[in-house]
Amino acid sequence: MSEYNAEKKRIVGFFGHHGCGKTTLMDDVLVNLGLTDRIGQRHLDKDPVEKEKGATFSNHIFSFDLDDSRIYFFDTPGSLDFIGDIQIALNAVDNVVIVINASAGVEVTTERIWNMARELNKPIVFYVNQMDKEGVNFENLIQELKESFEDEIRIVPFQVPIGEGPDFKGVINLLSNDVFTYEGGTGKSSKQSEIPDNAKDYLERFHSEIIEDIVETNEELMEKYFESGEEGLSQEELISSLHKAYDEDKIIPVFIGSALKNIGFDQLIKALISFGMTPLERKFYNEEGNEISSQENDQFVGIIVKNEVDPFVGKLTYLRVISGSLKPGSSIYIVEESTREKISHINIPRFDKNEEVERAGVGDILVIPKLKSSKINQTASSEETSNRLKLPEFPEPMISKSIAPNSKNEIDKITESLAKIAESDPTFKWEFDSETAETVISGMGTIHLEIMIEKLKKNFGIDFEVGKPKIAYKETIRSKTQAEYKHKKQTGGHGQYGHVKIEIEPLERGKGYEFVDKIVGGVIPKNFIPSVDKGIREAIKKGVLAGFPVVDIRVTLFDGSYHEVDSSDISFQIAARHAFKIAMESDNPVILEPIMHVEIFLPSENTGDVIGEVTAKRGRPLGMESAGKGYDKIVAEIPLAEMLDFSPRLSSISSGKGYFTMKFSHYAEVSPDIQNKIIEERKREEELQK
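Using UniProt numbering, you'd call the opening residue of the sequence shown number 1 and step up by one each time.
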């Protein structure tokens with residue numbers, strides 16, 4: 001197998017709204033390479049749940065060799081519920097292709113991915129797919145793209161169509177005026193000498209536009225253009241200037257085609273080989289802000305971009321080589337895990353079967369089997385170092401559900417399966433909540449969690465019940481109070497005796513539990529003081545209102561008594577528990593609920609309605625500001641209990657365009673009416689458990 005220099009490699013990601021045809025475009029490549037003969041089968045969606053749903057729910061990576069180049073493609077999910085995979089791919093690739101549905105135009109996911117790619121300074125190409133659909137108008141689509149995205153950056157058509165809608169037959173390259181028509185479904189194009197009549201108007205209007213847009217980014221070329229006109233410019237000069245302008249985010253080229261008819265996609269690939277960003281031009285930085293070299297002769301540095309579990313091989317780790325090279329038999333150091341791993345085999349991802357290689361260099365994406373410690377977005381190095389890459393942080397999960405296996409025999413199986421899923425998707429979290437005795441799974445949205453649940457059931461064969469998770473409420477007190485309890489019991493032989501006097505008082509939120517020993521004169525022997533502390537620690541696990549853990553209190557032991565014969569560890573534990581309960585009941589306790597810090601992004605026309613929704617959910621708006629491009633950002637604090645159904649409500653209000661992030665902020669007291677509802681709900685749960 002041939003080796004390719006880094007400048008001959010391209011790493012390309014395909015992004016877009018669900019239904020824009022990204023995965024069908026991958027079918028086009030496979031047909032053109034002779035690896036399959038059918039388009040529309042979604043060949044990369046190999047997961048059983050993806051096959052059943054007809055949608056992509058995780059990143060799929062494969063490579064192919066074309067002429068003298070090696071291309072790596074990322075096919076990404078179309079739903080923003082899988083924003084973690086989208087973010088991983090955006091960071092991993094060098095060239096971003098945003099696929100547009102020609103019928104639908106600019107959609108919610110289109111705008112969100114555009115913003116994310118721009119934040120990462122990624123060069124972007126628009127690919128308008130489904131040009132064969134009824135009612136498609138090329139000029140209107142270009143105008144919509146310019147109105148939506150053109151600011152300081154130029155949206156530049158690179159091609160015009162030969163026919164539109166059902167009459168779409170091919171494309172014309174606006175730089176070279178080359179005409180390409182296609183045989184139905186084969187992907188094979190033939191170069192025509194004459195320009196069809198139905199394309200002449202578009203060619204005349206857009207050809208001069210692309211020339212002028214390119215030369216305006218290059219002063220030397222502009223002077224030459226003014227002096228000699230277009231005839232004085234060579235194709236090589238134009239492509240070179242386009243490459244520079246594209247890499248520097250000055251120009252967004254627009255390509256067109258039809259995935260189902262296999263028209264035009266081959267021209268996009270050739271164009272990316274011609275002017276796309278190479279791995280040597282991509283800049284990575286460490287956490288200190290220093291640039292990481294991307295040279296073949298430097299030490300090896302890589303980034304983990306995907307984990308998956310193969311039913312036959314086991315865990316497979318996908319790793320992008322940023323610097324240096326790697327060979328089988330070498331070892332790598334996972335910086336975040338502080339572990340060294342031996343590499344026995346290295347492969348590159350192909351469509352049907354990964355291909356083993358003897359050496360990998362800058363710009364390769366490798367598939368390495370059976371790494372023990374490797375998580376997505378971690379840094380791999382040939383040297384033991386603390387020098388890790390600076391990478392975007394994953395958003396926190398937005399929605400949670402509880403799950404419970406139908407059989408106790410499946411507890412270990414479900415734990416193992418959850419760990420595997422979480423390792424392949426860093427925005428999917430799970431934990432066993434000891435306070436509520438539930439296994440809680442969390443994800444980015446309703447669709448995300450539904451797919452994870454289906455994977456657990458179908459891919460891992462686990463049967464379990466899904467429920468609404470309990471909120472981790474807590475209890476505390478408002479004021480200082482005292483109580484005592486004397487535990488005295490005679491049962492023949494040694495009796496039991498423990499007598500304590502305690503004072504409890506509230507602490508600041510988040511301070512937890514504090515125990516203070518103020519015993520003087522030996523009224524309680526020192527060896528029994530820890531017993532009192534132990535008894536109270538046991539008591540605070542269940543409060544007196546609804547059985548929630550008690551927090552943010554200080555308990556002071558200031559007096560008591562003991563019996564030389566009958567006092568014991570257990571006697572003082574019992575006395576402490578009863579004294580604490582008495583103190584709590586006499587001190588007007590209150591329930592605390594978790595409050596989330598929420599940032600909501602939405603179209604400006606929906607801001608008023610969403611602020612009303614926040615207020616209706618007992619939220620406290622903290623501020624509002626423009627987020628640009630017709631969007632506002634609302635910052636608020638909202639109880640977690642009210643956030644469980646916020647995602648669908650926001651989607652409904654904003655027609656799917658709004659999104660939010662949230663993280664835990666603090667605990668706060670609930671109002672008396674909410675407290676009564678929580679207590680009643682807790683009583684009903686306890687009755688059902690009896």
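We treat Cβ as the ideally placed atom computed from N, Cα and C, and that holds for glycine.
As the structure is a prediction and not an experimental result, all values here were calculated from the model.
ask   = Are there 16 or more other CB atoms within 10 angstroms of the CB of D247, so buried, or fewer, so exposed?
value = Start at 1 with the first residue of the sequence shown, and residue 247 comes out as number 247. Flag for D247 reads buried.
Identified DSSP bridge partners for H60 = As a first step, residue 60 must be located in the sequence shown, where it is residue number 60. According to DSSP, which records beta bridges pairwise, H60 is partnered with D75.
key: Beta carbon of A579 nearer than 8 Å to that of T481   = The residue you call residue 579 lines up with position 579 of the sequence shown. The residue you call residue 481 lines up with position 481 of the sequence shown. Taking 8 Å as the Cβ cut-off, A579 and T481 do not qualify as a contacting pair.
ask   = So, I574 versus H487, is the Cβ gap smaller than 8 Å?
value = The residue given as residue 574 occupies position 574 in the sequence shown. The residue given as residue 487 occupies position 487 in the sequence shown. Yes; because the gap between Cβ atoms is below 8 Å, this pair is in contact.
ask   = If you drop the 5 nearest sequence neighbours on each side, which residues of the same chain put their C-beta closer than 8 Å to that of G21?
value = For the purposes of this step, residue 21 is taken as residue 21 along the sequence shown, with counting starting at 1. Around G21: V99, N101, N129, Q130, A259 and L260.
inquiry  = I'd like to confirm the pairing. Which residues does DSSP put opposite R554 in its beta bridges?
reply    = Here the question's residue 554 lines up with position 554 in the sequence shown. Note: R554 sits in a beta bridge opposite E505 and E514.
query = Within the 8 Å Cβ cut-off, does F460 reach chain B?
reply = Here chain B cannot be found, since the structure has a single protein chain.
message = Can you look up A583 in the DSSP assignment and give me helix, strand or coil?
response = To locate residue 583, count along the sequence shown from 1; it is residue 583. It is helical.
message = In this structure, how does DSSP classify H43 when only helix, strand and coil are distinguished?
response = For the purposes of this step, residue 43 is identified with residue 43 of the sequence shown, where counting begins at 1. Of the three classes helix, strand and coil, the one that applies to H43 here is coil, per DSSP.
query = Do the stretch 68 to 77 and the stretch 388 to 398 touch if we need at least three Cβ pairs shorter than 8 Å?
reply = no
message = If you reduce the DSSP assignment to three classes, tell me which class V29 lands in.
response = For this step, residue 29 is matched to residue 29 along the sequence shown. In the structure shown, V29 sits in a helix (DSSP, three-state: H, G or I).
request  = Following the continuous alpha helix (DSSP H) through F646, name the residue where it begins and the one where it ends.
outcome  = Locating residue 646 in the sequence shown gives position 646, where the first residue counts as 1. It spans F646 to I653 - the alpha helix (DSSP H) in which F646 sits, taken as one unbroken run.
inquiry  = Along the chain, where does the alpha helix (DSSP H) containing K200 start, and where does it finish?
reply    = Looking up residue 200 in the sequence shown gives position 200. Unbroken alpha helix (DSSP H) run through K200: D197 to V215.
key: Span of the beta strand (DSSP E) around Y659   = For the purposes of this step, residue 659 is identified with residue 659 of the sequence shown, where counting begins at 1. Here the beta strand (DSSP E) through Y659 covers Y659 to E669.
inquiry  = Since S323 and S344 should fall inside the 8 Å C-beta cutoff, what is the C-beta to C-beta distance between them, to a whole number of angstroms?
reply    = One-based indexing of the sequence shown puts residue 323 at position 323. One-based indexing of the sequence shown puts residue 344 at position 344. That belief does not hold up - the Cβ atoms of S323 and S344 are roughly 22 Å apart, past 8 Å.
key: Alpha-carbon to alpha-carbon, A104 and V29   = The count along the sequence shown starts at 1 and reaches residue 29 at position 29. The count along the sequence shown starts at 1 and reaches residue 104 at position 104. Cα-Cα distance, rounded: 24 Å.
Pick from D94, N377 and P525 that is closest to V565, judged by C-alpha positions = Mapped onto the sequence shown, residue 565 falls at position 565. The residue with the shortest Cα to Cα distance from V565 is P525.
inquiry  = Here's a check: name, in chain order, each residue in its chain whose Cβ is nearer than 8 Å to the Cβ of V520, leaving out the five neighbours to either side.
reply    = Taking the sequence shown and counting its residues from 1, the one referred to as residue 520 is at position 520. Nothing meets the Cβ criterion.
query = With contact counted as at least three CB pairs below 8 Å, one residue from each stretch, are the stretch 265 to 277 and the stretch 312 to 331 in contact?
reply = no
ask   = Where does residue 692 land, buried or exposed, given buried means 16+ other C-beta within 10 angstroms?
value = The question about residue 692 has no answer here: the residues shown for the chain are numbered 1 through 690.
key: Secondary structure of H487, DSSP reduced to three states   = Working through the sequence shown from its first residue, we reach residue 487 at position 487. Reduced to three states, the DSSP call for H487 is strand.
key: Helix, strand or coil at G498 [DSSP, three-state]   = Counting from one through the sequence shown, the residue named residue 498 turns up at place 498. The answer is strand: DSSP assigns G498 an E or B state.
key: Alpha-carbon to alpha-carbon, Q378 and E209   = Along the sequence shown, one-based indexing puts residue 209 at 209. Along the sequence shown, one-based indexing puts residue 378 at 378. For E209 and Q378, the distance between alpha carbons rounds to 44 Å.
request  = With DSSP as the reference, please indicate the residues paired to R112 in a beta bridge.
outcome  = In the sequence shown, counting from the first residue as 1, residue 112 sits at position 112. Answer is none; R112 lacks a bridge partner.
inquiry  = For E625, list the residues DSSP reports as bridge partners.
reply    = Residue numbering aside, residue 625 sits at position 625 when the sequence shown is read from its first letter. Its beta-bridge partners are K633.
inquiry  = Using C-beta distances below 8 Å, list every residue in its chain close to L622, excluding the 5 sequence neighbours before and after it, in chain order.
reply    = Counting from 1 along the sequence shown, the entry for residue 622 is found at position 622. Once the five neighbours on either side are set aside, the close Cβ partners of L622 are V635, A636 and E637.
inquiry  = Helix, strand or coil for V532? Go by DSSP, reduced to three states.
reply    = As a working note, residue 532 is residue 532 in the sequence shown. Helix at V532.
request  = Tell me K146's beta-bridge partners as DSSP assigns them.
outcome  = Here residue 146 refers to the residue found at position 146 of the sequence shown. DSSP output for K146 lists no bridge partner at all.
ask   = If you run the structure through DSSP and keep just helix, strand and coil, what is R118?
value = Locating residue 118 in the sequence shown gives position 118, where the first residue counts as 1. R118 falls in the helix class under three-state DSSP.
Closest residue to D266 among H18, E484 and Y127 (Cα-Cα distance) = Looking up residue 266 in the sequence shown gives position 266. For the residues H18, E484 and Y127, the minimum Cα distance to D266 belongs to Y127.
inquiry  = When you compare the CB positions of V125 and P253, do they come within less than 8 Å of one another, or not?
reply    = Numbered from 1 along the sequence shown, position 125 holds the residue referred to as residue 125. Numbered from 1 along the sequence shown, position 253 holds the residue referred to as residue 253. The answer is yes: Cβ separation under 8 Å.
key: A199 versus G264 - alpha carbon distance   = Working through the sequence shown from its first residue, we reach residue 199 at position 199. Working through the sequence shown from its first residue, we reach residue 264 at position 264. Their Cα atoms are separated by approximately 15 Å.
query = In terms of DSSP beta bridges, what is Y127 paired with?
reply = Here the question's residue 127 lines up with position 127 in the sequence shown. Paired residue(s): V99 and F255.
message = Using a Cβ distance threshold of 8 Å, determine whether the stretch 5 to 24 contacts the stretch 70 to 89, with at least three qualifying pairs required.
response = yes
ask   = So, helix, strand or coil for I540, using DSSP?
value = Locating residue 540 in the sequence shown gives position 540, counting from the first residue. In the structure shown, I540 sits in coil (DSSP, three-state: anything other than H, G, I, E or B).
inquiry  = For V670, tell me which candidate among P603, V590, S604 and A616 has the shortest Cα-Cα distance.
reply    = As a working note, residue 670 is residue 670 in the sequence shown. The option with the nearest alpha carbon to V670 is V590.
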